[in-house]
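>
Chains as they are written, first to last, in our numbering: chain A, 164 to 426; chain B, 164 to 426.
(1) Per DSSP, which residues does residue 241 of chain B bridge with? Please list them.
(2) I'd like the list of long-range same chain contacts for residue 327 of chain B, defined as Cβ closer than 7 Å, with 5 residues on each side in sequence excluded.
(3) The region 245-259 of chain A: which residues have C-beta closer than 9 Å to a C-beta of chain B, in chain order?
(4) Of all the CB atoms in chain A, is at least one closer than 7 Å to the CB of residue 167 of chain B?
(5) Quick check on the burial criterion: 16 or more other C-beta atoms within 10 angstroms. Buried or exposed for residue 391 of chain B?
(6) Hey, out of A:191, A:177, A:176, A:179, whose CA is closest to residue 408 of chain A's CA?
(7) Which chain B residues are close to residue 361 of chain A, counting only those with a beta carbon under 7 Å from its beta carbon?
(8) Just how far apart, CA to CA, sit residue 299 of chain A and residue 296 of chain B?
(9) Please classify residue 208 of chain B as buried or exposed, where buried requires at least 16 neighbouring CB atoms within 10 angstroms.
(10) In this structure, how does DSSP classify residue 206 of chain B when only helix, strand and coil are distinguished?
(11) Quick one: grab the DSSP three-state call for residue 426 of chain A.
(12) Step through the CB atoms of chain A and report whether any lies within less than 7 Å of the CB of residue 274 of chain B.
(13) Taking 7 Å as the CB-CB limit, is residue 421 of chain A close to chain B?
(14) My assumption, with CB atoms under 8 Å, is that residue 282 of chain A sits in contact with residue 193 of chain A. Please give the rounded CB distance.
(15) Would you check if there are 3 or more beta carbon pairs closer than 8 Å linking the region 245-254 of chain A to the region 208-227 of chain B?
(16) Considering residue 316 of chain A, what are the terminal residues of the alpha helix (DSSP H) in which it resides?
(17) Interface residues of chain B around residue 279 of chain A at Cβ under 7 Å?
(18) As a quick exercise: from A:389, A:415, A:210, A:303, pick the residue whose alpha carbon is nearest that of residue 330 of chain A.
(19) Report, in whole angstroms, the separation of the C-beta atoms of residue 416 of chain B and residue 374 of chain B, which I expect to be a contact under 8 Å.
(20) Indicate whether at least one CB of chain B lies closer than 7 Å to the CB of residue 408 of chain A.
(21) Are the beta-carbon atoms of residue 353 of chain B and residue 268 of chain B separated by less than 7 Å?
(22) Name the residue from A:184, A:274, A:278 whose alpha carbon lies nearest to the alpha carbon of residue 241 of chain A.
(23) Measure the beta-carbon distance from residue 357 of chain B to residue 285 of chain B and round it to whole angstroms, keeping in mind my assumption that it falls under 8 Å.
(24) Note down the Cα distance separating residue 167 of chain B from residue 252 of chain B, rounded to an integer number of angstroms.
(25) How would you call residue 350 of chain A, buried or exposed, if buried means at least 16 neighbouring beta carbons within 10 angstroms?
(26) Under 7 Å between C-beta atoms, does residue 282 of chain B make it to chain A?
(27) Could you list which residues in chain B have their beta carbon closer than 9 Å to that of residue 240 of chain A, in chain order?
(28) Report the rounded CA-to-CA distance for residue 264 of chain B versus residue 274 of chain A, giving the unit in angstroms.
(29) Could you have a look at residue 266 of chain B and say whether DSSP puts it in helix, strand or coil?
(30) The alpha helix (DSSP H) with residue 355 of chain A in it runs from where to where?
(31) How big is the Cα-Cα spacing for residue 289 of chain B and residue 303 of chain B?
(32) Among the residues of its own chain, which have a CB less than 7 Å from the CB of residue 311 of chain A, if the five just before and after it don't count?
(33) Are the beta-carbon atoms belonging to residue 280 of chain A and residue 362 of chain A less than 7 Å from one another?
(34) Does any residue of chain A bring its CB to less than 7 Å from the CB of residue 319 of chain B?
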């Protein structure tokens, strides 16, 4: 339960650099969790130094597109492999890259199941963001509250149960082939586990009453048992207790009391 | 310019089955274009027979998750490899699978650029859908028109230019390494080309006035030249002239006059 294994490791030999907005988990969290699960030392640049955000802004606004190994990037999160300088962006794509290179995905065709579940989790994550930003990403929540209340009603009413039910079924399906497995695909942890875990954690943070209600009405026992089991793994316990795990804030998963209950 | 090469080929030996809602391009179109570019015979089940949609519904509502090779699927599009019966879903994931198996992506690390550009194009495609469905996917456009007008304003005002500008830069970047290339990554067609092409085509269909304005104000000459060049390739000309290319309708890209201009 040390607070700084990542930065300690990073000082030794960071293998990757994560570039993301500082101070919030956001989409960067899906990448952090994959890196933590893989046990790879990395540098969380924007959070480890005040100047770090300059690297992010610099990379995004770079106009030079000639004779460089770095293809244009539109949005963070961005991952840079420090040895090769290869830059990769788009959350599911970074996860795909880490899956291939850090043993977080199988080598056979079930790797496409890992990607499929991951993309599905990210879809609900995006919808959870749209709940408080239904009209436009450039506006504040306070400026789109009536629309947010409408969106939240459908999100609570059907979307959470639909996706949580899907993942519950995914676990049952994997158990039918790997009865002893604690993971979503096969019997090894993959980036689908870390991503769906973060989704369940984030949705539970944002809509605690709704999730509590679903536990009673729908059950989803396999999903929540899997969630708790993963939370109990040493690497995740260590990470969650560290300062590298940022508290939820003004990111994807936000808790607004009025969006969690019927008005 | 025959109308039915796909079904003719399909009768000979379809390699894949595409399962998607019938009668509209939608997200299935990204898959169709990749299959057409690869020149692989496929069966567009829901569009080729009236009973086809039964296969789709059956697969989605399947409760049995034991002892099967088919992992649970949540949403179409779904691709089934007919030889192995392997089922894969989630648009970018199907494209990844086809990239690996049908030579629509490089084998080296630039394959992650193909995925990155594809995911970015699909992001704007999703936003284009949110323009007419900002509050909830389960509601009609007519029931969320005021919200749609607000969303459309931001979408027109900044999002199209941001993404089109990005892809224009992507083309410039690739040209700096492959001056003769007509494609987005390296000097071979990939599923990034087919996906970004469909995005530009769809956004232009939905927001013709805005796109015309952007051509004047922003230029994006490389992007539009690339778009036209791809449209001129034999396989795409054939496909667009065939009945397999469905007209835009009530899908992702919709043209509503009031969403294309300032109110």
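Cβ atoms here follow ideal geometry from the backbone N, Cα and C, with glycine treated the same way.
Let's see:
(1) Residue 241 of chain B is bridged by DSSP to B:182, B:252.
(2) Around residue 327 of chain B: 377, 383, 386.
(3) Going along the region 245-259 of chain A in chain order, one finds 247, 249, 251, 252, 253, 254, 255, 256, 257, 259 with a Cβ nearer than 9 Å to chain B.
(4) The predicted model places residue 167 of chain B with a pLDDT of 47, which falls under 50 and marks its position as unreliable; any figure quoted below should be read in that light. Judged by the 7 Å Cβ criterion, residue 167 of chain B is not in contact with chain A.
(5) Label assigned to residue 391 of chain B: exposed.
(6) Ranking the options by Cα distance to residue 408 of chain A, first place goes to A:191.
(7) Simply none; closest approach about 18 Å.
(8) Roughly 12 Å separates the two Cα atoms.
(9) With 16 or more Cβ atoms within 10 Å of its Cβ, residue 208 of chain B is classed as buried.
(10) In this structure, residue 206 of chain B counts as strand in the three-state DSSP scheme.
(11) In the structure shown, residue 426 of chain A sits in coil (DSSP, three-state: anything other than H, G, I, E or B).
(12) Residue-level contact check: residue 274 of chain B does not touch chain A, since none of the beta carbons of chain A fall below 7 Å from its beta carbon.
(13) Answer no: the Cβ-Cβ gap between residue 421 of chain A and chain B never drops below 7 Å.
(14) Contact between residue 282 of chain A and residue 193 of chain A does not hold, since their C-beta atoms are separated by about 11 Å, which reaches or exceeds 8 Å.
(15) Contact between the region 245-254 of chain A and the region 208-227 of chain B is absent: fewer than three C-beta pairs spanning the two stretches fall below 8 Å.
(16) Where residue 316 of chain A is concerned, the enclosing alpha helix (DSSP H) stretches over 308-317.
(17) Ordered by position in chain B, the residues that pass the 7 Å Cβ test against residue 279 of chain A are 251, 252, 253, 256.
(18) It is A:389 whose Cα lies nearest to the Cα of residue 330 of chain A.
(19) Not a contact, Cβ separation roughly 12 Å.
(20) Residue 408 of chain A is outside the set of residues whose beta carbon lies under 7 Å from a beta carbon in chain B.
(21) Cβ atoms of residue 353 of chain B and residue 268 of chain B: closer than 7 Å.
(22) Nearest C-alpha to residue 241 of chain A: A:184.
(23) Not a contact, Cβ separation roughly 12 Å.
(24) Because the pLDDT of residue 167 of chain B is 47, which lies under 50, any placement of that residue in the model is unreliable, and the number read from its coordinates should be weighed accordingly. Cα to Cα, residue 167 of chain B sits roughly 26 Å from residue 252 of chain B.
(25) Counting the other CB atoms within 10 Å of its CB gives residue 350 of chain A a total below 16, which places it among the exposed residues.
(26) Chain A places a beta carbon closer than 7 Å to that of residue 282 of chain B, counting this residue as a contact.
(27) Chain B residues near residue 240 of chain A: none, gap ~12 Å exceeds 9 Å.
(28) Cα to Cα, the separation comes out at about 13 Å.
(29) In the three-state reduction of the DSSP assignment, residue 266 of chain B falls in the coil class.
(30) Per DSSP, residue 355 of chain A is one residue of the alpha helix (DSSP H) stretching across 354-369.
(31) The alpha-carbon of residue 289 of chain B is positioned some 16 Å away from that of residue 303 of chain B.
(32) Around residue 311 of chain A: 294, 295, 297, 304, 422.
(33) Result no, Cβ atoms of residue 280 of chain A and residue 362 of chain A do not sit closer than 7 Å.
(34) With a threshold of 7 Å between beta carbons, residue 319 of chain B makes no contact with chain A.
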